[in-house]
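Residue numbers (UniProt numbering): 1 to 689. First up is the structure itself, then whatever we jot down about it.
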Amino acid sequence: MMIFISSSSNHHHSMRGVTDDGIFLGYSTISKTYRVFNKRRQTIEETIHVKFDESGPTFPHPHENSEINQWADSFFQIPDIPIADPSPQDLPDGFEEDPPIPPTEIHTPPLINATSITQITPTEPGQPTNSEDFSQTTVSEPTTTNLLPDPSVNEASTSGHVYQPPALRWTKDHPIDQVLGNPSSSIKTRRQSGNICLYVNFISENEPKEIDDALRDPAWVSAMQEELAEFIRNNIGTIIRNKARLMAQGYRQEEGIDYDETFAPVARLEAIRLFLAFAAHMNFKVYHMDIKNAFLNGKLNEEVYVAQPPGFVDPKFPDHVYKLNKALYGLKQAPRAWYDTLSTFLLSKGFVRGKIDSTLFLKKYPKHILLVQIYVDDIIFGSTNPKLCEKFELLMKSEYKMSMMGELTFFLGLQVKQSEKGIFINQGKYVHEMLKKFDLTSCTPMKTPMAPPLSLDKDSKGKPVDVTLYRGMIGSLLYLTASRPDIMYSTCLCARYQAEPKESHLTAVKRIFRYLKGTPNLGLWYSKDSGFDLTAYSDSDFAGCKIDRKSTTGGCHLLGGKLVSWTSKKQNSVSTSTAEAEYVAAGICCAQVLWLRNQLQDYDIQLSKFPIYCDNTSTIAIANNPVLHSKTKHIEVRYHFIRDHVMNGDIELHFVPTEYQLADLFTKPLDVTRFNMLISELGMLNPDD
Numbered sequence: 001m002m003i004f005i006s007s008s009s010n011h012h013h014s015m016r017g018v019t020d021d022g023i024f025l026g027y028s029t030i031s032k033t034y035r036v037f038n039k040r041r042q043t044i045e046e047t048i049h050v051k052f053d054e055s056g057p058t059f060p061h062p063h064e065n066s067e068i069n070q071w072a073d074s075f076f077q078i079p080d081i082p083i084a085d086p087s088p089q090d091l092p093d094g095f096e097e098d099p100p101i102p103p104t105e106i107h108t109p110p111l112i113n114a115t116s117i118t119q120i121t122p123t124e125p126g127q128p129t130n131s132e133d134f135s136q137t138t139v140s141e142p143t144t145t146n147l148l149p150d151p152s153v154n155e156a157s158t159s160g161h162v163y164q165p166p167a168l169r170w171t172k173d174h175p176i177d178q179v180l181g182n183p184s185s186s187i188k189t190r191r192q193s194g195n196i197c198l199y200v201n202f203i204s205e206n207e208p209k210e211i212d213d214a215l216r217d218p219a220w221v222s223a224m225q226e227e228l229a230e231f232i233r234n235n236i237g238t239i240i241r242n243k244a245r246l247m248a249q250g251y252r253q254e255e256g257i258d259y260d261e262t263f264a265p266v267a268r269l270e271a272i273r274l275f276l277a278f279a280a281h282m283n284f285k286v287y288h289m290d291i292k293n294a295f296l297n298g299k300l301n302e303e304v305y306v307a308q309p310p311g312f313v314d315p316k317f318p319d320h321v322y323k324l325n326k327a328l329y330g331l332k333q334a335p336r337a338w339y340d341t342l343s344t345f346l347l348s349k350g351f352v353r354g355k356i357d358s359t360l361f362l363k364k365y366p367k368h369i370l371l372v373q374i375y376v377d378d379i380i381f382g383s384t385n386p387k388l389c390e391k392f393e394l395l396m397k398s399e400y401k402m403s404m405m406g407e408l409t410f411f412l413g414l415q416v417k418q419s420e421k422g423i424f425i426n427q428g429k430y431v432h433e434m435l436k437k438f439d440l441t442s443c444t445p446m447k448t449p450m451a452p453p454l455s456l457d458k459d460s461k462g463k464p465v466d467v468t469l470y471r472g473m474i475g476s477l478l479y480l481t482a483s484r485p486d487i488m489y490s491t492c493l494c495a496r497y498q499a500e501p502k503e504s505h506l507t508a509v510k511r512i513f514r515y516l517k518g519t520p521n522l523g524l525w526y527s528k529d530s531g532f533d534l535t536a537y538s539d540s541d542f543a544g545c546k547i548d549r550k551s552t553t554g555g556c557h558l559l560g561g562k563l564v565s566w567t568s569k570k571q572n573s574v575s576t577s578t579a580e581a582e583y584v585a586a587g588i589c590c591a592q593v594l595w596l597r598n599q600l601q602d603y604d605i606q607l608s609k610f611p612i613y614c615d616n617t618s619t620i621a622i623a624n625n626p627v628l629h630s631k632t633k634h635i636e637v638r639y640h641f642i643r644d645h646v647m648n649g650d651i652e653l654h655f656v657p658t659e660y661q662l663a664d665l666f667t668k669p670l671d672v673t674r675f676n677m678l679i680s681e682l683g684m685l686n687p688d689d
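Quick look at the structure:
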């Protein structure tokens, strides 16, 4: 690379324009400078005052300047100087001088000049290389070249550090009997060899990507045979280390031919929390079981054929295919088939499916009740009579291969701790995993997830950040909101800027992680001593979004002090007044209350009226009086259904002062004092305190 070198003495006098032409050779090993060849001075210098000529040639033509070529050769080759032997008097006591070694016994490191090799016969692929393959190879005799530069050049004065060639001996060619390995291969250092060994040890534990690779491994062949045996007899064996699965190519299925319906219901997180709140209220234990190979138990309604797996084709019937009687991994209808099979079995045993939640099954007795909640192959259940739980366990074992997990301690990422006083839910383990994942384990803790006043906007002039990192952090936080309502608002606010995140947005997200660092085990406490009356709080932040001036809806729903549902969401339309924003928020809160009311009916709990607490009197007046005027006629019809439920007596709107508005936590950032007061009122506890 051609460069221009400016003298250090003239660096501050740019008007003089004194520069030298040079060639870029590399970087200094002793300082943060460039190593260059100065054409005018005929020296190799180390300096930082250089300017690169990107348009020029990378290196001058070989015939342009023989002196430059000579100096370039001297830079990349090491000269020879004699090494003095120590005198006998310099040796320590107790050591004797070894006899001189003949010159023929001294060998230099095996380096090869590729130009001296005349011919190498290539070997066939897969054929081992033998030393006899190089019997016809001729290598020139060893020669030694004195590459010391002209002393007159070293005496020239320079403005930088003058390069001093090391005093070692460099030999160009070596006899073939001194060459180790294949002369045509590249040189491999000890570090490279170590990395290759480490890589081989690492990939040896990876799962094979292709069926051909798996068939070469006896462990995987054994795993496949075990899976096929289980598939044929529809029985479950012991779990082995390599989890081989016979998979169907579901992506090749056609709708209407290979399947009709694929939807399979799963329990909502609100339903799971409601289940645990009811268990705490009734003071009974919740148990957990897992169905092994659940999808293989699903009965198919369609005719489905799959080819024989490669490597396991029946030699008697190589052209035959499998006709499936039950579902197989990979089929699009496998989850639906499993749910239909399990629900049909439970209904045949006297269970009743929930009217709203189709994953909830109940069996009522004169004085007791048995509850079963399903999430694919995970089942949690409990009863006011412990003997009913034992009977249900035996019932499931008689039909399916399952593993009983005992008392519920971990479910869908939620850590559950049951005691005589109640149930505690948190995600402390997941918080520690998140902090470690995003390298924030050593961050400074904060007392709140977001500091007032609100200052987030698009930040068009801000510095962009990694979109993948930002979205990954938001996704992790959203999963954590299953048991952490205290970060609901701040997480949802930061999630609005996932399209083009900037440094200001990333800083806000990291503050949430810093808050989690100080409160990793904070969670929800469901006490058995509290009641079970349903109450709701509704609030809004009028025109809180600085981008489109839309308001934010916040709400929470409690069962006797047990927080089971909460929301924080930007409204779909722009409100023209505080009353309108609060009215829209109350309508959304009413819809969730009605859903919870229907859920409670499945638990045999009948409640007539449900209070919704709001801190805006205009909203209460609009809901209680069926009138339309210029300030309310533009509100969408779907939000007016709250009027019908107020008139029917299902809902009651009550005024609550702002300082007692619990939904305030889900609409705006708060100071430390009010923030701690609200999370305490919502039933959040820290077991470390």
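Yeah, the Cβ is synthetic: ideal placement off N, Cα and C, and Gly gets one too.
Under the three-pair Cβ rule at 8 angstroms, the region 259 to 266 does not count as touching the region 280 to 298. With 16 or more other Cβ atoms from the protein chains shown falling within 10 Å of its own Cβ, glutamate 45 counts as buried. Between the region 261 to 276 and the region 342 to 359 there are three or more inter-stretch CB-CB distances shorter than 8 angstroms, so the stretches are counted as touching. Contact annotation: glycine 250 and leucine 324 have beta-carbon atoms that are not nearer than 9 angstroms. Within the DSSP secondary-structure output, valine 266 pairs in no beta bridge.
Counting other Cβ atoms within 10 Å of its Cβ, histidine 281 reaches 16 or more and is therefore classed as buried. Within the DSSP secondary-structure output, lysine 562 pairs in a beta bridge with Leu559. In this structure, asparagine 283 and lysine 528 form a Cβ contact; the two beta carbons are roughly 5 angstroms apart against a cut-off of 8 angstroms. Three or more beta-carbon pairs drawn from the region 467 to 478 and the region 493 to 501 are found closer than 8 angstroms, and the two stretches are therefore classed as touching. In chain order, Met289, Met402 place their CB closer than 7 angstroms to the CB of methionine 396, counting only its own chain and leaving out the 5 sequence neighbours on each side. For valine 376, the closest of Lys387, Asp340, Gly354, Lys363 by C-alpha to C-alpha distance is Asp340.
Classified as exposed, threonine 444 has fewer than 16 neighbouring CB atoms from the shown chains inside 10 Å of its CB.
In terms of Cβ geometry, threonine 553 and threonine 567 form a close pair [threshold 9 angstroms]. When Cys494, Tyr489, Ala337 are compared, the shortest CA-CA separation from valine 467 is found for Cys494. Each residue's CA atom was taken as its position, placing aspartate 217 and phenylalanine 317 some 25 angstroms apart. In the structure shown, leucine 360 falls within a strand segment according to DSSP collapsed to helix, strand and coil. Histidine 505 and serine 31 have their C-alpha atoms spaced approximately 39 angstroms apart. In the structure shown, alanine 334 falls within a helical segment according to DSSP collapsed to helix, strand and coil. Short of 7 angstroms from the beta carbon of threonine 384, and not among the five residues preceding or following it, lie these beta carbons of its own chain, in chain order: Met282, Phe284, His368, Ile369. Between glycine 382 and glutamine 599, the C-beta gap is not smaller than 9 angstroms, which leaves the two residues out of contact. Boundaries cannot be given for valine 656, as no beta strand (DSSP E) includes it and DSSP labels it neither H nor E. When the Cα atoms are used, proline 310 and isoleucine 211 turn out to be separated by approximately 7 angstroms. Look at the beta carbons and you see the region 526 to 542 touching the region 419 to 433: at least three pairs across the two are nearer than 8 angstroms. Tyrosine 365 is classed as exposed because its beta carbon has fewer than 16 other beta carbons within 10 Å across all chains shown.
Secondary structure at arginine 514: helix, using DSSP grouped into helix, strand and coil. Around aspartate 548, the same chain offers Val574 as residues with beta carbons nearer than 8 angstroms, after the five sequence neighbours per side are excluded. Within the same chain, Cβ atoms closer than 6 angstroms to the Cβ of glycine 350 are found at Lys363, the five residues on either side in sequence being excluded.
Check the Cα spacing between proline 452 and each of Pro611, Thr619, Phe675, Ala277: the tightest is with Phe675. Distance from the CA atom of glycine 475 to the CA atom of valine 321, rounded to whole angstroms, is 43 angstroms.
With fewer than 16 other Cβ atoms from the protein chains shown falling within 10 Å of its own Cβ, valine 672 counts as exposed. In this structure, methionine 488 and phenylalanine 666 form a Cβ contact; the two beta carbons are roughly 6 angstroms apart against a cut-off of 8 angstroms.
The alpha-carbon separation between arginine 336 and valine 564 amounts to approximately 28 angstroms.
Per DSSP, alanine 663 lies in no beta strand (DSSP E) segment and is marked neither H nor E. Short of 6 angstroms from the beta carbon of leucine 516, and not among the five residues preceding or following it, lie these beta carbons of its own chain, in chain order: Val431. Assignment of beta-bridge partners to glycine 26 by DSSP yields Arg35.
Going by beta carbons, cysteine 492 and lysine 546 fall outside the 9 angstroms limit.
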